[in-house]
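K.L.:
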Amino acid sequence: GQAIGSLRDEGVLILGSGLSYHNMSAFGSGRSGQDSLDFDTWLTRACTAPPAERGKQLARWSEAPAARAAHPREEHLLPLMVIAGAASEESGARVFADDVMGARVSAYAFGDTTDSTKE
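Residue numbers (this note's numbering): 808 to 926.
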């Protein structure tokens with residue numbers, strides 16, 4: 808993510824797509840609840856930590872509570888790593904959280920998250 812971070816200075820929006828919880832076999836099974844909450848709590852703390860700490864925490868994501876229960880494979884979490892890296896020294900915020908088929912899912916934004924369309 809750091810390699811493309813300078814594109815933000817040129818007005819390029821760097822968008823990552825994926826899920827904060829992506830254990831497809833556990834969705835709707837009743838098994839995802841606590842695992843998704845545990846990982847979501849950790850992920851929110853990591854994404855909203857000061858930027859230097861955020862990078863360190865995200866680099867060790869597989870050690871987080873319920874990490875492999877939430878992401879048996881990491882490819883759906885990697886876009887978050889890219890945008891967090893591209894954010895550099897910008898702060899992070901959770902901008903969405905809901906329960907989907909029994910699992911907690913969240914979305915994060917980095918940088919200025921104010922709504923510029925509001926008067």
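Using N, Cα and C, we set each Cβ at its ideal position, and we do this for glycine too.
1) Can you give the Cα-Cα distance for Tyr-828 and Ala-900, rounded to whole angstroms?
2) May I have the straight-line CA-CA distance separating Ala-866 from Leu-826, to the nearest angstrom?
3) Can we count Gly-823 as close to the ligand FAD, meaning its CB is less than 7 Å from some heavy atom?
4) Measure from the alpha carbon of Leu-814 to the alpha carbon of each residue in Val-907, Gln-841, Ile-890, Ala-910, then state which is nearest.
5) By alpha-carbon positions, which one of Asp-842, Ala-833, Leu-885, Glu-897 ends up nearest to Glu-860?
6) On a Cα-Cα basis, can you pick out the residue from Leu-884, Gly-918, Gly-840, Ser-869 that is closest to Asp-905?
P.N.:
Result, derived from the coordinates:
1) In the sequence shown, counting from the first residue as 1, residue 828 sits at position 21. In the sequence shown, counting from the first residue as 1, residue 900 sits at position 93. If I take the Cα positions, the gap works out to 17 Å.
2) By 1-based counting over the sequence shown, the position of residue 866 is 59. By 1-based counting over the sequence shown, the position of residue 826 is 19. Answer to the nearest angstrom: the Cα atoms are 17 Å apart.
3) This structure lacks the ligand FAD; in fact it carries no ligand of any kind.
4) On the sequence shown, residue 814 is found 7 positions in, with the first residue counted as 1. Nearest of Val-907, Gln-841, Ile-890, Ala-910 to Leu-814, Cα basis: Ile-890.
5) Counted from its first residue, the sequence shown places residue 860 at position 53. Closest option to Glu-860, Cα to Cα, is Glu-897.
6) Taking the sequence shown and counting its residues from 1, one reaches residue 905 at position 98. Minimum Cα distance to Asp-905 is reached at Gly-840.
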